[in-house]
Amino acid sequence: MNATIRAVTRVAAFKGFNVLGFCRGWEGLISDLVKPMSARSVSGIINLGGTILHTTRCPHIRTKAGLAKAAARLAEYDVDGLVVIGGDGSFRAAMALSELTDTPMVGIPATIDNDIYGTDETVGFDTAVNTAVAEIDKIRDTAISLDRIFVVEVMGRSRGFLAAMVGLTVGAEIILVPELPVREDEIFSVIKDNVSKGKRSAIIVAAEGIGDTRALSSAIEKNTGLETRLSILGYAQRGGSPTARSRYLASEFGKKAVELLAEGKSNCIVGLQNGKITSIGLRESAGASKPLDESILRLASILAT
Ligand code: F6P
Numbered sequence: 459m460n461a462t463i464r465a466v467t468r469v470a471a472f473k474g475f476n477v478l479g480f481c482r483g484w485e486g487l488i489s490d491l492v493k494p495m496s497a498r499s500v501s502g503i504i505n506l507g508g509t510i511l512h513t514t515r516c517p518h519i520r521t522k523a524g525l526a527k528a529a530a531r532l533a534e535y536d537v538d539g540l541v542v543i544g545g546d547g548s549f550r551a552a553m554a555l556s557e558l559t560d561t562p563m564v565g566i567p568a569t570i571d572n573d574i575y576g577t578d579e580t581v582g583f584d585t586a587v588n589t590a591v592a593e594i595d596k597i598r599d600t601a602i603s604l605d606r607i608f609v610v611e612v613m614g615r616s617r618g619f620l621a622a623m624v625g626l627t628v629g630a631e632i633i634l635v636p637e638l639p640v641r642e643d644e645i646f647s648v649i650k651d652n653v654s655k656g657k658r659s660a661i662i663v664a665a666e667g668i669g670d671t672r673a674l675s676s677a678i679e680k681n682t683g684l685e686t687r688l689s690i691l692g693y694a695q696r697g698g699s700p701t702a703r704s705r706y707l708a709s710e711f712g713k714k715a716v717e718l719l720a721e722g723k724s725n726c727i728v729g730l731q732n733g734k735i736t737s738i739g740l741r742e743s744a745g746a747s748k749p750l751d752e753s754i755l756r757l758a759s760i761l762a763t
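Heads up, the sequence shown is in the working numbering, so the first residue is 459 and it goes up one at a time.
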């Protein structure tokens, strides 16, 4: 997010706009937590995780009163264009707000879940993938040395984009995603089949949204007789210095968002589609579910034989 804030601020300043940062996201807009931004105020942040503006889940923006306050503040500050950096919750709020204000809004998809329709990739996804891969590579050492099965839970409350890419790139034996439920007995039989082929360890990458991974790991141990451990990677995936890829996307998306506002475009999100920086309507994005690329799962399963 910091690399995105930097890009938006610097491109806007370059074009001669005044830039305001609303601290704590929607909360800052509603509660008047505003910070003037300049090219200098975003110095030295391209390599930092998190956001210097801070952020919060803001239930207030889901209420009529909260939305009315946010619209009033936009008028009060004479905002000519609002850049919303975030995920589906932020964009849903932007859409609701667009009913109450004429202020043009452009969204920049920034979530490790990579679950925004209209972009092949979100800012932060690549960083989270690389963080998880680095951790699982270390876990694999124990798995192989001690002939153990590891269930590794990665983030993804309702979508499996992160699990799928992490699973493929660590060489996971099994990948579990919320979109495609797999029966426990199918998991046991893959593991037993692997044992018969001489494979005595396995990495199972599971998105948190598949259910109780602790119960799953106990069931695997009970049914296969192989020592099984659960490792939950947790919030480490949401922080840390962004990869070059995430910084690149942040920079391009930030530039595109400011350009769209400068051209008078509104209520859209920027994205990456087939290698090109593009945009689609906010409503179109919010109304559709991004399909999971199942070919990633098929490839991972072939490569894990
Ligand atoms: O940003 C989305 C996400 O990373 C989900 O994958 C995860 O379930 C969630 O955030 C957890 O965030 P929090 O506990 O802050 O609500």
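Just so you know, even glycine gets a beta-carbon here, dropped at the ideal spot from N, CA and C. None of these values were measured; they are calculated from a predicted model.
Beta-carbon separation (whole angstroms), residue i vs residue j, contact threshold 8 Å
i	j	result
G539	N460	At roughly 20 Å, the Cβ-Cβ gap does not stay under 8 Å, so G539 and N460 are not in contact.
I463	A622	Not really, about 29 Å apart at Cβ, beyond 8 Å.
A465	E631	Not really, about 39 Å apart at Cβ, beyond 8 Å.
V492	G486	7 Å
G656	V635	In fact, because the Cβ distance is near 28 Å, the residues do not count as touching under 8 Å.
Outcome for residue i when other beta-carbon atoms lying within 10 angstroms are tallied against a minimum of 16
i	result
L638	exposed
A715	buried
I661	buried
A694	exposed
N476	exposed
A673	exposed
R615	exposed
I488	buried
T561	buried
F480	buried
I760	exposed
E666	buried
L604	exposed
D751	exposed
S659	buried
G625	buried
D670	exposed
Assigned secondary structure, residue i (DSSP; H/G/I helix, E/B strand, else coil)
i	result
E631	coil
M459	coil
M553	helix
R696	helix
G669	coil
T600	helix
K544	Note on residue identity: the sequence assigns Gly, not Lys, to residue 544. If DSSP states are grouped into helix, strand and coil, G544 belongs with the strands.
V537	coil
G614	coil
K713	helix
R464	helix
R520	helix
R641	coil
L757	helix
Identified DSSP bridge partners for residue i
i	result
Q731	K734
P636	According to DSSP, P636 bridges with nothing at all.
V609	I662 and L688
C726	V564 and G739
L478	P494
V587	Partner(s): none; V587 has no beta bridge.
V581	A568
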